[in-house]
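The sequence shown: position 122 = 121 (numbering that gives the first Met the number 0), numbered continuously.
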Amino acid sequence: MTSKTTRTQSRLVLVALGGLTLAYAHFVYLPRSREMAEMQIELRDAEIQAEGTVPLIAAIDAAQKKLDRAAEYVQGWEDAAPSEHELAEVFERIHELTRLAETVTTRFEPQPVVRYETFLRIPVFLECRGTFGQLAAVLTGLETMAEPIWLRTIEIQSTGQAGELATAEINLDVFADNLEDSDQENLSGKPITQEADPANVALERSGTDT
Numbered sequence: 000m001t002s003k004t005t006r007t008q009s010r011l012v013l014v015a016l017g018g019l020t021l022a023y024a025h026f027v028y029l030p031r032s033r034e035m036a037e038m039q040i041e042l043r044d045a046e047i048q049a050e051g052t053v054p055l056i057a058a059i060d061a062a063q064k065k066l067d068r069a070a071e072y073v074q075g076w077e078d079a080a081p082s083e084h085e086l087a088e089v090f091e092r093i094h095e096l097t098r099l100a101e102t103v104t105t106r107f108e109p110q111p112v113v114r115y116e117t118f119l120r121i122p123v124f125l126e127c128r129g130t131f132g133q134l135a136a137v138l139t140g141l142e143t144m145a146e147p148i149w150l151r152t153i154e155i156q157s158t159g160q161a162g163e164l165a166t167a168e169i170n171l172d173v174f175a176d177n178l179e180d181s182d183q184e185n186l187s188g189k190p191i192t193q194e195a196d197p198a199n200v201a202l203e204r205s206g207t208d209t
């Protein structure tokens, strides 16, 4: 009888322990396991995001450096570009460098001003005669002027005979800033062409060449 009672109590203890184990597994272990699994997933996601952030930061840094260089270039260009009212002075300096090169200017024709949102482009046709060395001095002088000038085409004509002067036909663009009018909207999306004021941009050369 005692042995039977003891076995029954043992089974009850085992059942109780088993119930505690199941309760622990259900209320403690499984929730903790799920929580740890979720934390591992979050950790992996964080690692993936961190790996993607490193090249992104590098790309942003490189883009910022390019932007800084571009801003520096634009600022330098704006500092060097003359205003529309200073174009006559620029044309006078071009005249002066052709004189110093001892060339004979036969044509100097500023074309209509082309207006863009923040700058102006003034095409100029320049024709002068001289030796190859003198013409080279003119080209060098144009390229080294402080103002932004772009030499579009250069054509030099000569028969090749000894002592004969060559003729240079130069198409160039003089750029000026247009910051005062940059807030005006160009609805067409195209450059606004405006005739240049002859009083400001035309340079008469008659009787000035030596």
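From the three backbone atoms N, C-alpha and C, an ideal C-beta is built for every residue, glycine too.
Quick caveat: nothing in here was measured; it's all calculated off a predicted structure.
Ranked by Cα distance from T102, the first of W76, I40, D44, E126 is E126. In the three-state reduction of the DSSP assignment, L164 falls in the coil class, being assigned neither a helical nor a strand state. If you look at T152, you'll find it isn't in any alpha helix (DSSP H); it sits in the beta strand (DSSP E) that goes 148-156. Inside the segment 83-145, DSSP marks whole beta strand (DSSP E) runs of 3 or more residues at positions 103-109, 112-114, 118-129, from first to last along the chain. In the DSSP assignment, D176 is bridged to F118. Counting only residues of its own chain and dropping the five nearest sequence neighbours on each side, F131 has a CB closer than 7 Å to the CB of A165. For I93, the number of other beta carbons within 10 angstroms of its own is at least 16, and it is reported as buried. Distance check between T152 and each of G75, Y72, A62, F124 places F124 closest, using alpha-carbon atoms only. When Cβ pairs closer than 8 Å are counted between the two stretches, the segment 135-152 is seen to touch the segment 165-175, the count reaching three or more. The bridge partners DSSP lists for I169 are L125, I153.
Excluding residues up to 5 positions away in sequence, A145, E146, P147 lie with their Cβ nearer than 8 Å to the Cβ of A79 in the same chain. Counting the other CB atoms within 10 Å of its CB gives R68 a total below 16, which places it among the exposed residues. In the three-state reduction of the DSSP assignment, A80 falls in the coil class, being assigned neither a helical nor a strand state. Of the residues assessed, E163 falls on the exposed side of the cut-off, its CB having fewer than 16 other CB atoms within 10 angstroms. Around the beta carbon of V73, fewer than 16 other beta carbons lie within 10 angstroms, which makes this residue exposed.
Counting C-beta atoms within 10 angstroms of its own C-beta, T104 has 16 or more neighbours from the protein chains shown and is therefore classed as buried. DSSP places G75 in the helix class (H, G or I) of the three-state scheme.
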